[in-house]
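Under the working numbering, the letters of the sequence shown match residues 75 to 529, in that order.
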Amino acid sequence: MAKKELDLEENLTKAEIRKTIIVFAWPIVAELMLMSLLNIVNLSMVGHLGAYALSSVGLTNQPVYISNAVFQSFNVGATALVARFIGAKEYRQAKAVVIQTMLMAVILGGILALFGFIFAKPIVVFLGAQTDTVGPASMYMRYMAIGMLFQSIPIAVTSILRGAGESKIPMRYNIISNIVNAGAGFILIYGFWFIPSFGLQGAALATTLAKLTACAMSLFALFRTRLPVAISLRDSFHLDFSVIKRIMNIGISAAGEQLAMRLGFLLYAKIVAGLGTVAFAAHQVCLSITQLVSNAINGLSAAASSFTGRHLGAEKPELAEEYCRQIIRIGLIISLSVGSLFLTAGGPIARIYTSDAGVISLVILVLRIAILIIIPQNYLSIVAGCLRGAGDTRWPLVTAIVGMVFARVSLAALFVIVFRWGLGGAWFAAVCDQSIRSVLVYYRFKTGKWKRIVV
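Below you can see the structure in the form of structure tokens.
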């Protein structure tokens, strides 16, 4: 079967560069945005079960996000190396990276799944679950732990394909799996025809089924793609520690960054959980809403990683930088558009999730504060994606430690516990965190040292 070639043109105008970016990035952005919308649907269905259900899902999401962050961070190394090797047309080395990445995904997914299932209750208790949420949150956590094994594989495949310059295939299987989640969620949460209502347990079952769907479809895609990263059953699937070391050299710092981020989020969530069930439910709703714009920018960040890695592999560093600058401009337009939506439509958006008046009033307040986060957060995400694509993962690690662990958590404790500013104070701490980190990555990008990283 003929392999699909990916050309990297150098003599492009800025308009042509933007067009190339949009062609690659739109499937990622569409995928993540639709996934966010479907998550809103899922969360709204759970929300109508009561504040306890929203809080249970919110508490459980934090350790699930940590596991996903671990998977994604190690795959940063895979994306960077695959992109470099594809750019340099070293396809055999790219395929070696793919095989080791898949083996690591299975091993790591199994370990985290077992840990999450066994220690479900201690995890949610540590996170500050109230008495009325310990039982349902523990149940939900066990289902999510089972899904971790299935989730590790599509995350790995997505990173590989995007590094190779393919964004439409991951869009397909990720969107389909989320549609499965929403459809099965409706049936299993509320009941349909001869199927009884399972409530919160139904939401957990639907999510697990969706992850299994994504796992099967992503494996099929990796075996069937015409890209040079395709694998087959004839390949040798044994651990190659020389390749794993190269992946880990990049991935360890990325893993450290994500662990620092998730540790910060855990402590931050613990502070917010201390405000009570209603405040934490409102916090969870706001996270889901803001995830819409974050996911759109994460799509551009993934594009920045892929273009940076492939152009550096092709020894075109100035073109890599120009692509990043154009992606930043596109991100700014998106940020301003979404910010205006938060300002004018906070109430109607909140009512999609819940009819609880206390939750709605807090959501409206927080969305106004969130407007201050959007521009620095989105700049940070895109430039950090550029640095990761270059294999420069240590600097994002430093910014995560400084911004998330120290600034966000310490300021949240100050604003919420000492000053008693409530949920608004917690989100003001997030504004400070994002602003500090965006300044730090701006400095690194301007130095140009990322263009000389050897992977």
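Ideal Cβ positions, reconstructed from N, Cα and C, are used throughout, including at glycine.
Just so it is clear, the structure is predicted and the values come from calculations on it, not from any experiment.
inquiry  = I need the DSSP call for Phe266, collapsed to helix, strand or coil.
reply    = For Phe266, the three-state secondary structure derived from DSSP is strand.
message = Suppose contacts are defined by Cβ-Cβ distances below 8 Å. Is Val346 in contact with Leu497 by that definition?
response = Contact: yes.
query = Is the beta carbon of Met291 less than 8 Å from the beta carbon of Tyr264?
reply = Met291 places its beta carbon 8 Å or farther from that of Tyr264.
inquiry  = Assuming Gln508 is part of the alpha helix (DSSP H), what are its boundary residues?
reply    = Its alpha helix (DSSP H) spans residues 496-521.
query = Which residues in the same chain as Leu454 place their Cβ atom closer than 8 Å to its Cβ, once the five residues preceding and following it in sequence are excluded?
reply = When the five nearest sequence neighbours on each side are left out, the beta carbons in the same chain lying within less than 8 Å of the beta carbon of Leu454 are those of Thr473, Gln508, Arg511, Ser512, Val515, in order along the chain.
ask   = What number of angstroms, rounded off, separates the C-alpha of Arg494 from the C-alpha of Trp501?
value = CA-CA distance, Arg494 to Trp501, rounds to 13 Å.
query = Mind checking Leu386: buried by the 16 CB within 10 Å criterion, or exposed?
reply = Counting Cβ neighbours within 10 Å, Leu386 comes out buried, since at least 16 surround it.
request  = Work out the CA separation of Leu461 and Thr299 for me, nearest whole Å.
outcome  = Approximately 28 Å, taken between the alpha carbons.
task = Between the Cα of Ile443 and those of Asp430, Ile363, Lys520, Ile401, spot the shortest distance and give me the residue it belongs to.
result = The shortest C-alpha to C-alpha distance from Ile443 to any of Asp430, Ile363, Lys520, Ile401 is the one to Ile363.
Environment of His312 [buried if 16+ CB atoms lie within 10 Å] = By the neighbour-count rule (16 or more Cβ atoms within 10 Å), His312 is not buried but exposed.
request  = Put Pro302 into one of helix, strand or coil per three-state DSSP.
outcome  = DSSP places Pro302 in coil when its eight states are reduced to three.
request  = Consult DSSP for Arg308 and reduce its assignment to one of helix, strand or coil.
outcome  = Arg308: coil per DSSP, three-state reduction.
task = Output the distance between the C-alpha atoms of Gly441 and Val476, rounded to the nearest integer angstrom.
result = Here the sequence assigns Leu to residue 441, which means Gly is not the residue at that position. For Leu441 and Val476, the distance between alpha carbons rounds to 25 Å.
request  = Identify whether Glu392 lies in helix, strand or coil by the three-state DSSP scheme.
outcome  = Helix, per DSSP.
query = CA-CA distance, Ser271 and Thr207?
reply = About 19 Å.
inquiry  = Which same chain residues end up closer than 8 Å to Val412 when comparing Cβ atoms and leaving out the 5 residues on each side of it in sequence?
reply    = Sequence-distant Cβ neighbours of Val412 in its own chain, meaning closer than 8 Å and more than five residues away, are Leu366, Val367, Ala370, Ile448.
query = Does DSSP put Thr287 in a helix, in a strand, or in coil?
reply = Under the three-state reduction of DSSP output, Thr287 falls in the helix class.
task = Look up Leu340 in the DSSP assignment and say whether it is helix, strand or coil.
result = Correct three-state label for Leu340: helix.
request  = Report yes or no: do the segment 313-333 and the segment 148-164 share at least 3 C-beta pairs separated by less than 8 Å?
outcome  = Taking 8 Å as the limit for Cβ pairs, the verdict is that the segment 148-164 does touch the segment 313-333.
query = Just the Cα atoms here: how many angstroms apart are Phe200 and Asn255?
reply = Straight-line Cα distance between these residues: approximately 28 Å.
message = To test your reading of the DSSP string, which unbroken beta strand (DSSP E) runs of 3 or more residues are found completely within the segment 394-450?
response = If one requires a minimum length of 3 residues, no beta strand (DSSP E) run lies completely within the segment 394-450.
query = Using the beta-carbon count (16 or more within 10 Å), is Phe244 buried or exposed?
reply = Residue identity differs from the one stated: residue 244 is Pro in this sequence, not Phe. Buried is the call here.
ask   = Which word fits His269, buried or exposed, when buried means at least 16 other C-beta atoms lie within 10 angstroms of its C-beta?
value = According to the sequence as given, residue 269 is Ile; it is not His. Looking at its Cβ environment, which holds fewer than 16 other Cβ atoms inside 10 Å, Ile269 is exposed.
request  = Can you grab the Cα-Cα spacing for the pair Gly124 / Val492, in whole Å?
outcome  = So the alpha carbons of these two residues sit roughly 30 Å apart.
key: Contact the segment 331-350 vs the segment 424-433: 3+ CB pairs below 8 Å   = Result no; under three Cβ-Cβ pairs closer than 8 Å.
request  = Within the same chain, show all residues whose beta-carbon is closer than 8 Å to that of Phe519, passing over the 5 residues directly before and after it, in chain order.
outcome  = Hits under 8 Å: Cys398, Val457, Cys460, Leu461.
message = Less than 8 Å between the C-beta atoms of Arg236 and Ala376, yes or no?
response = A contact, by the Cβ cut-off of 8 Å.
message = Can you look up Phe191 in the DSSP assignment and give me helix, strand or coil?
response = In this structure, Phe191 counts as helix in the three-state DSSP scheme.
task = List the endpoints of the continuous alpha helix (DSSP H) containing Val231.
result = Where Val231 is concerned, the enclosing alpha helix (DSSP H) stretches over 208-237.
ask   = Leaving out five residues before and five after Ile527 in sequence, what residues of the same chain have Cβ atoms less than 6 Å from its Cβ?
value = Cβ within range, chain order: Ala464, Gly465, Asp466.
message = Just to confirm my understanding: we take Arg403, look at its own chain, exclude 5 residues before and 5 after, and list those with CB closer than 6 Å. What are they?
response = Correct list: empty, nothing qualifies.
request  = Report yes if the CB atom of Phe159 is closer than 8 Å to the CB atom of Val144, and no otherwise.
outcome  = Taking 8 Å as the Cβ cut-off, Phe159 and Val144 do not qualify as a contacting pair.
inquiry  = Here's a check: name, in chain order, each residue in its chain whose Cβ is nearer than 6 Å to the Cβ of Ala162, leaving out the five neighbours to either side.
reply    = If we look at Ala162 and ignore the five residues flanking it on each side, its Cβ neighbours are Gly387.
request  = Taking only the alpha-carbon atoms, compute the straight-line gap between Ser118 and Ile249 and give it to the nearest angstrom.
outcome  = C-alpha separation (whole angstroms): 19 Å.
request  = Determine the direct distance from the alpha carbon of Ser409 to that of Gln400, and round the result to whole angstroms.
outcome  = In a straight line, the C-alpha of Gln400 is about 14 Å away from that of Ser409.
inquiry  = Let's test the definition: count the other Cβ atoms within 10 Å of the Cβ of Ser226 and tell me whether it reaches 16, buried, or not, exposed.
reply    = Sixteen is the threshold: when 16 or more other Cβ atoms of the shown chains lie within 10 Å of the Cβ of Ser226, as they do, the residue is buried.
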